[in-house]
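Enquirer: So for the sequence shown, our numbering puts the first residue at 26; every next one is plus one. Ideal Cβ positions, reconstructed from N, Cα and C, are used throughout, including at glycine.
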Amino acid sequence: MAELTSRGIKWFMISFNLLLFIFGIVLIALGAAAKAQYYDLSNYFDHNTGLGGTISPAALLIAVGVFIAALSFLGCFTAVKETYGLLVTFAVLLGILFIIQFAGAIAMYVQKDNMTRQVGPALSDMMKHYNASATQEGYNSTTTMDNLQKSWSCCGVNGYTDWYGQLKGVPQSCCIQPNCSGTSEGELTPVCGGKLPSCPVYIHGCKAPFENALEKGLKGVAGAGIAFAIIELIGLGFTAYLAKRIRSGYTYA
Numbered sequence: 026m027a028e029l030t031s032r033g034i035k036w037f038m039i040s041f042n043l044l045l046f047i048f049g050i051v052l053i054a055l056g057a058a059a060k061a062q063y064y065d066l067s068n069y070f071d072h073n074t075g076l077g078g079t080i081s082p083a084a085l086l087i088a089v090g091v092f093i094a095a096l097s098f099l100g101c102f103t104a105v106k107e108t109y110g111l112l113v114t115f116a117v118l119l120g121i122l123f124i125i126q127f128a129g130a131i132a133m134y135v136q137k138d139n140m141t142r143q144v145g146p147a148l149s150d151m152m153k154h155y156n157a158s159a160t161q162e163g164y165n166s167t168t169t170m171d172n173l174q175k176s177w178s179c180c181g182v183n184g185y186t187d188w189y190g191q192l193k194g195v196p197q198s199c200c201i202q203p204n205c206s207g208t209s210e211g212e213l214t215p216v217c218g219g220k221l222p223s224c225p226v227y228i229h230g231c232k233a234p235f236e237n238a239l240e241k242g243l244k245g246v247a248g249a250g251i252a253f254a255i256i257e258l259i260g261l262g263f264t265a266y267l268a269k270r271i272r273s274g275y276t277y278a
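(1) Quick one, are the C-beta atoms of C199 and G230 less than 8 Å apart?
(2) Quick check: the Cα distance between K60 and Q202, rounded to an integer number of angstroms?
(3) Going along the chain, which residues of its own chain have a beta-carbon closer than 6 Å to the beta-carbon of S178, five neighbours each way excluded?
(4) Identify, in the order they occur along the chain, each residue of the same chain with its Cβ nearer than 8 Å to the Cβ of P234, setting aside the five sequence neighbours on each side.
(5) What's the call for S166, buried or exposed, on a 16-neighbour Cβ count within 10 Å?
(6) In its own chain, which residues sit with a C-beta less than 6 Å from the C-beta of T141, not counting the 5 before and 5 after it?
(7) Taking DSSP as the reference, what is the three-state secondary structure of K220?
(8) Leaving aside the five residues before and after V105 along the sequence, list all residues of the same chain whose C-beta is less than 8 Å from its C-beta, in chain order.
(9) If contact is defined by three or more beta carbon pairs under 8 Å, each pair taking one atom from either stretch, is the stretch 259-275 in contact with the stretch 136-156?
(10) So is A128 buried or exposed if we call it buried at 16+ other beta carbons inside 10 Å?
(11) Assign V226 to one of three DSSP states: helix, strand, or coil.
(12) With a Cβ-Cβ cutoff of 8 Å, do G120 and I93 count as a contact?
(13) For G184, which residues does DSSP report across the bridge?
Structure, rendered in structure tokens:
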């Protein structure tokens, strides 16, 4: 019975590390997708507003995913080899991962309101530097704001009229139809394109949808982090149990 139980724990360890590997790959994929989709926006925040790590945690997701995937290989190898030293090493690394992941998830959830409050000032700063020259790093407020408005179907921070104090009108990226062009405040009611008066613009601002998406994303990542941290804690317990049995001279192969 003891041998059967130990075999069961061994296969649990292998299954656990397979799940760990899948989780790591998912994090890498999510991070890569987020970085590709929000590349311009993330780079702008990184170099101009100090909000980059908050808005797009893509690099962090990728780094954690790589670490978890690599750790899963060590876990599987350890389960097969039944080596006490490797089990202890795996347990220590898994414990470190648990602490970092759990603490990071809690911090992310606690700071989510503070993070979302920075969206408005960041977008206002981006509008302020619209049509300005690109920075030395090559990040352009104009391109970033245009891409943001097109991707999120929005215009300005709180609404399309935010542009009146900046451009006395709206940029082309606020137009719903691609063949329209931006126009002046006097011609906008809110319709853009003097030659195409039926060409509307996005009326709602980018702040609200961006804040909502950011808050949901942070809650989702924090929740997933806590949930998987609990699973890692269970795996840590089984790892410690196996290490103790092997140290006492019992093998479960």
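Expert: On the basis of the coordinates in this document:
(1) If you number the sequence shown from 1, residue 199 lands on position 174. If you number the sequence shown from 1, residue 230 lands on position 205. Not in contact: C199 and G230 (Cβ atoms no closer than 8 Å).
(2) Reading the sequence shown from its first residue, position 35 is the one you call residue 60. Reading the sequence shown from its first residue, position 177 is the one you call residue 202. When rounded, the distance between both Cα atoms is 27 Å.
(3) Working through the sequence shown from its first residue, we reach residue 178 at position 153. If we look at S178 and ignore the five residues flanking it on each side, its Cβ neighbours are Y227.
(4) Within the sequence shown, numbered from 1, the residue matching residue 234 stands at position 209. Excluding sequence neighbours, P234 sits near W177, C179.
(5) Within the sequence shown, the letter at position 141 stands for residue 166. S166 comes out buried.
(6) As a working mapping, residue 141 is identified with position 116 in the sequence shown. E236, L239, E240.
(7) Locating residue 220 in the sequence shown gives position 195, where the first residue counts as 1. For K220, the predicted model reports a pLDDT of 43, less than 50, meaning its position is unreliable; a value from the coordinates is still stated below. K220: coil per DSSP, three-state reduction.
(8) Looking up residue 105 in the sequence shown gives position 80. Contacts found: I39.
(9) Contact fails between the stretch 136-156 and the stretch 259-275, because fewer than three Cβ pairs, one in each stretch, are under 8 Å apart.
(10) Start at 1 with the first residue of the sequence shown, and residue 128 comes out as number 103. Its Cβ having fewer than 16 others within 10 Å, A128 is exposed.
(11) For the purposes of this step, residue 226 is identified with residue 201 of the sequence shown, where counting begins at 1. DSSP places V226 in strand when its eight states are reduced to three.
(12) By one-based count along the sequence shown, residue 120 stands at place 95. By one-based count along the sequence shown, residue 93 stands at place 68. It is not a contact, given that the beta carbons lie outside the stated cut-off.
(13) In the sequence shown, counting from the first residue as 1, residue 184 sits at position 159. Looking at the DSSP assignment, G184 forms a beta bridge with H229.
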